[in-house]
Amino acid sequence: MPRVRFVQQDGSGKSIEVGRDVSVMLAAVRNGIHGIDGECLDCATCHVYVDEEQASSLPQPSEEELELLSAVSGERKPNSRLSCQLKVPAPLDELVVHVPARQS
Ligand code: FES
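Going by the UniProt record's numbering, the letters in the sequence shown line up with residues 1 to 104, in that order.
The structure is reproduced here in structure tokens:
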């Protein structure tokens, strides 16, 4: 089963098994990952930084996602994504995401 590794600001990490049809945000919330709130579907509190080497493996963000990314509280970077819009795509076995310093 594919995995998502969540890396915190201090470098600590936790890897979680997740089905390919489950969003990264849902995996985080279900497993109590600190720093990903995922309060709703329109909140931008699920911001993550995708591993730079993996970013090109993901589908491009939609216009709606890009608009919401303009409202994130933490620093926005080229690899910023909303984790509610991300799933682990085949053939990746593990997607690595970095949790921002703050969500709100
Ligand atoms: S959970 Fe609210 S925008 Fe992703």
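Note that the Cβ used here is the ideal one computed from N, Cα and C, for glycine as well. The model shown is predicted, which means the values in this text are computed figures rather than measured ones.
Taking the continuous beta strand (DSSP E) assigned at V88, which residues delimit it?
No beta strand (DSSP E) holds V88; DSSP gives it neither H nor E.
Nearest neighbour of A90, chosen from V48, K14, V22 and F6 [CA to CA]:
V22
Mind checking which residues open and close the alpha helix (DSSP H) that includes R5?
It is not in any alpha helix (DSSP H) - R5 instead sits in the beta strand (DSSP E) that spans R3 to V7.
In terms of residue numbering, what span does the beta strand (DSSP E) encompassing E17 cover?
G13 to E17
Which same chain residues, not among the five before or five after E94, have their C-beta less than 8 Å away from its C-beta?
P2, R3, V4, R5, S15 and V88
Are there any heavy atoms of the ligand FES lying less than 7 Å away from the beta-carbon of D10, as far as the coordinates show?
no
Counting only the same chain and skipping the five closest in sequence on each side, list residues whose C-beta sits under 6 Å from that of A102.
According to the sequence provided, residue 102 is Arg. The question's Ala does not apply to it. Contacts found: S73 and G74.
Give the secondary structure of S70 by DSSP, where H, G and I count as helix, E and B as strand, and everything else as coil.
coil
Give a yes or no on whether the C-beta atoms belonging to V96 and I36 are separated by under 8 Å.
no
Cα-Cα, which of C84, M25, S104 and H47 is closest to K77?
Here the closest residue by C-alpha is H47.
Put L26 into one of helix, strand or coil per three-state DSSP.
helix
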